[in-house]
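**Q**
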Amino acid sequence: EVQLQESGPGLVKPSQSLSLTCSVTGYSITSNYWGWIRKFPGNKMEWMGYISYSGSTSYNPSLKSRISITRDTSKNQFFLQLNSVTTEDTATYYCARSLTVATPFDYWGQGVMVTVSS
Amino acid sequence: DIQMTQSPASLSASLGETVTIQCRASEDIYSGLAWYQQKPGKSPQLLIYGASSLQDGVPSRFSGSGSGTQYSLKISSMQTEDEGVYFCQQGLKYPFTFGSGTKLEIK
Chain S
200 EVQLQESGPG
210 LVKPSQSLSL
220 TCSVTGYSIT
230 SNYWGWIRKF
240 PGNKMEWMGY
250 ISYSGSTSYN
260 PSLKSRISIT
270 RDTSKNQFFL
280 QLNSVTTEDT
290 ATYYCARSLT
300 VATPFDYWGQ
310 GVMVTVSS
Chain B
22 DIQMTQSPAS
32 LSASLGETVT
42 IQCRASEDIY
52 SGLAWYQQKP
62 GKSPQLLIYG
72 ASSLQDGVPS
82 RFSGSGSGTQ
92 YSLKISSMQT
102 EDEGVYFCQQ
112 GLKYPFTFGS
122 GTKLEIK
């Protein structure tokens, strides 16, 4: 079974970078699409971007200048980096899989809550 | 971006009651719509994809319908385990966008 697990610091200072890891078991990240989604306090959900089986990426234009998604296929992990964070980036961050570029997310990690605060 | 307007924001239903949640897109999304359920402290679970296809393992009391800009999720007989927050998500155009969520509780 596909399992995803996010990890990373729960507290980040404003203006610093947020870095998260998604570790995947039961499936290779060299197949399908692997994304990051975040949920803000109050339930608003935002698709942040994905990295594909080939390593290509697509980002939400609202984040394009600050976001980077990379991967390490040898460890079956992919990563989120979000630069110049503000308190508005406080959210629960999820990694997830979609089978194709146009299908929804069928497997999700449990999420990691990140607070941006000094 | 495609805007997704979801309603109602919250509702309570009795056991066995039929529940309907609506989602409206700001443009035609050609059935590129998914529904998720999220329980407290858990990650979202995919219920419906392609507007009306039931994800494997999801109880048959859940169903989705709609076309164009208007879509709905129906729970035919409310159960206690159906409490949670429900989201719609369009998958036609990037960036994918979500509805604002519907909190469903037992009455």
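Those protein sequence lines, which keep their order, are chains S and B.
What the first sequence shows, in this note's numbering, is residues 200 to 317, in sequence order.
What the second sequence shows, in this note's numbering, is residues 22 to 128, in sequence order.
Glycine included, each C-beta is placed from N, C-alpha and C at the ideal position.
Helix, strand or coil: which one does DSSP assign to residue 126 of chain B?
**A** Looking at residue 126 of chain B - three-state DSSP - the assignment turns out to be strand.
**Q** Can you confirm whether residue 75 of chain B, when its beta carbon is compared against all beta carbons of chain S, has any partner nearer than 8 Å?
**A** Not closer than 8 Å to any Cβ of chain S, the Cβ of residue 75 of chain B fails to qualify, so no.
**Q** In chain order, what residues of the region 300-312 of chain S put their CB closer than 7 Å to some CB of chain B?
**A** The region 300-312 of chain S vs chain B, Cβ under 7 Å: 301, 302, 303, 304, 305, 307, 308, 309, 310.
**Q** Exposed or buried, residue 297 of chain S, counting other C-beta atoms within 10 Å across all chains shown (16 or more means buried)?
**A** With 16 or more Cβ atoms within 10 Å of its Cβ, residue 297 of chain S is classed as buried.
**Q** Using Cβ-Cβ distances below 7 Å, what residues of the region 284-299 of chain S are close to chain B?
**A** Against chain B - using a Cβ distance shorter than 7 Å - the residues of the region 284-299 of chain S are 293.
**Q** Please go through the same chain and pick out, in chain order, the residues whose beta-carbon is closer than 7 Å to the beta-carbon of residue 114 of chain B, but skip the five residues on each side of it.
**A** For residue 114 of chain B, where only same-chain residues beyond five positions count, the Cβ hits under 7 Å are 23.
**Q** Where does residue 26 of chain B land, buried or exposed, given buried means 16+ other C-beta within 10 angstroms?
**A** Answer is exposed; the Cβ neighbour count stays below 16.
**Q** With DSSP as the reference, please indicate the residues paired to residue 276 of chain S in a beta bridge.
**A** Looking at the DSSP assignment, residue 276 of chain S forms a beta bridge with S/222, S/271.
**Q** Taking 8 Å as the threshold, find out whether the region 248-259 of chain S comes into contact with the region 304-312 of chain S through three or more Cβ pairs.
**A** Touching, no, given that fewer than three Cβ pairs across the two stretches are closer than 8 Å.
**Q** Let me know the secondary structure DSSP gives residue 102 of chain B once reduced to three states.
**A** Note: residue 102 of chain B maps to helix in three-state DSSP.
**Q** Spatial neighbours of residue 258 of chain S within its chain, please: C-beta separation below 6 Å, excluding the five flanking residues on both sides.
**A** Here the set comprises 248, 266.
**Q** Excluding the 5 residues flanking residue 303 of chain S on each side, which residues of the same chain have their C-beta closer than 8 Å to its C-beta?
**A** 297.
**Q** List the whole-angstrom C-beta distance separating residue 288 of chain S from residue 217 of chain S, where the pair is believed to meet the contact cut-off of C-beta under 8 Å.
**A** That pair is a contact at about 7 Å.
**Q** Assign residue 36 of chain B to buried or exposed, taking buried as 16 or more other Cβ atoms, counted over all protein chains shown, within 10 Å of its Cβ.
**A** Classification for residue 36 of chain B: exposed.
**Q** Can you confirm whether residue 72 of chain B, when its beta carbon is compared against all beta carbons of chain S, has any partner nearer than 8 Å?
**A** False, the Cβ-Cβ gap to chain S never drops below 8 Å.
**Q** So which of S/277, S/214, S/228, S/276 has the shortest CA-CA distance to residue 299 of chain S?
**A** Among S/277, S/214, S/228, S/276, the Cα nearest to that of residue 299 of chain S belongs to S/228.
**Q** Are residue 225 of chain S and residue 200 of chain S closer than 8 Å when you measure CB to CB?
**A** The answer is yes: Cβ separation under 8 Å.
**Q** Going by DSSP, what residue range makes up the beta strand (DSSP E) through residue 284 of chain S?
**A** Careful: residue 284 of chain S lies outside any beta strand (DSSP E) and carries neither H nor E.
**Q** Roughly how many angstroms lie between the CA atoms of residue 87 of chain B and residue 215 of chain S, to the nearest whole one?
**A** Approximately 44 Å, taken between the alpha carbons.
**Q** Would you call the CB atoms of residue 54 of chain B and residue 92 of chain B closer than 8 Å?
**A** Cβ atoms of residue 54 of chain B and residue 92 of chain B: closer than 8 Å.
**Q** Do you know how far the Cα of residue 284 of chain S is from the Cα of residue 290 of chain S?
**A** Distance between the alpha carbons of residue 290 of chain S and residue 284 of chain S is about 11 Å.
**Q** For a cutoff of 8 Å on Cβ pairs, would you count residue 65 of chain B as touching chain A?
**A** Although the question refers to chain A, the structure presented lacks it and instead comprises the protein chains S and B.
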